[in-house]
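Okay, structure first, notes after.
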Amino acid sequence: MVLIQKGTVKDIPFLMAEKRENTGKSLPLFIFIHGYTSAKEHNLHFAYSLAEKGFRVILPDALHHGERILSNPPKSMDYDFWNIVHQGIQDVNAIIDWANDNELVTEDQIAVGGTSMGAIITYGSLVNNPEIKAGCALMGTPAHEKFARWQIERIQKAGYEIPLTTNELEKSMTYIKEYDLTSNIEKLNDRPLFIWHSEVDAVIPYEFAKPYVETLTKNSQSVYMNDKTSGHKVSRAAYLNAVEWITEQLKVKKETV
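End of the sequence shown = 311 in my numbering, gap-free, step of one.
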């Protein structure tokens, strides 16, 4: 039986899924991060499937999402997108530290994944934290800077004014680039990746993933799946393949269940 429990690390609300008989044991840990305007509850199918296979799965709410929505949220979260991403990267660190401190993690068995914005956070977390052993990126992009510049261009073309000066924008880009995997490829350090992207994704266009796939999947354990019909929505095939791939990478077969 899979238990779903609520908890909090610092100010990060999360759901945790694990088999009842695994409560309190050290297990492989998978942190799964939701997409923009979504919330932790929306990925319980991943958590359930992985918990069934012997994982401990933690689903956090991102900044300004789910239980972290403030009574006075930003006027436009679009302008706060990269602050949310960068806080998400720090949230991943906090969750890993908490799990290690409480002896909830099998040694060296930590993976991070997510959808859309969660996948962008995943790529940034791989740059930021060498403890993570594998990443699962669904509908995201490792090219943070290029995607951020495209977002700005699209907002401007729509007739909206960016509330930042040119110098402020460039300063922001410098910070964004720190977690850009395409600019810090050496930090991947041959860790395996599962990448899924639809060729007809209009939210995070395929062009922001395709040019980097070969470089990111040089590791023989890495997997890339593309899709020609799903758009900005994870297909069932992607979900099932991701679960099986994560299970293999974190080697749950090590007597953890």
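The beta-carbon is built from N, C-alpha and C at its ideal position, and this holds for glycine as well.
Out of Gln303, Ala256, Met55, Asp162, the CA that lies nearest to the CA of Tyr102 is found in Met55.
Of the other Cβ atoms in all chains shown, 16 or more fall within 10 Å of the Cβ of Ala93; this residue is therefore buried. Distance from the CA atom of Asn295 to the CA atom of Val288, rounded to whole angstroms, is 11 Å. About 17 Å separates the beta carbon of Pro184 from that of Asp145, a gap too long to meet the 8 Å contact definition. The alpha carbon of Ile239 has as its nearest neighbour, out of Leu81, Ser252, Tyr177, the alpha carbon of Tyr177. A residue is called buried when at least 16 other Cβ atoms come within 10 angstroms of its Cβ; Asp132 does not meet this threshold and is exposed. The C-beta separation of Ile300 from Cys190 comes to about 6 Å, placing the pair in contact by the 8 Å criterion. Within the same chain, Cβ atoms closer than 6 Å to the Cβ of Ile66 are found at Pro114, Asp145, the five residues on either side in sequence being excluded. Around the beta carbon of His119, 16 or more other beta carbons sit within 10 angstroms, so the residue counts as buried.
Between Asp244 and His198, the CB-CB gap reaches or exceeds 8 Å.
In this structure, the straight-line span from the alpha carbon of Asp134 to that of Glu268 is close to 31 Å. C-alpha of Ala173 to C-alpha of His251: approximately 11 Å in a straight line. In this structure, the beta-carbon distance from Ala165 to Val159 does not fall below 8 Å.
Gly78 counts as exposed, since fewer than 16 other beta carbons sit within 10 angstroms of its beta carbon. DSSP, read as helix, strand or coil, puts Asn238 in coil. Cα atoms of Ala256 and Gly285: separation of roughly 7 Å, rounded to the nearest angstrom. The beta carbon of Glu106 is closer than 8 Å to those of Val56, Lys73 in its chain, skipping five residues each way along the sequence. Look at Gln275 here: in three-state DSSP terms it is coil, with no helix or strand label.
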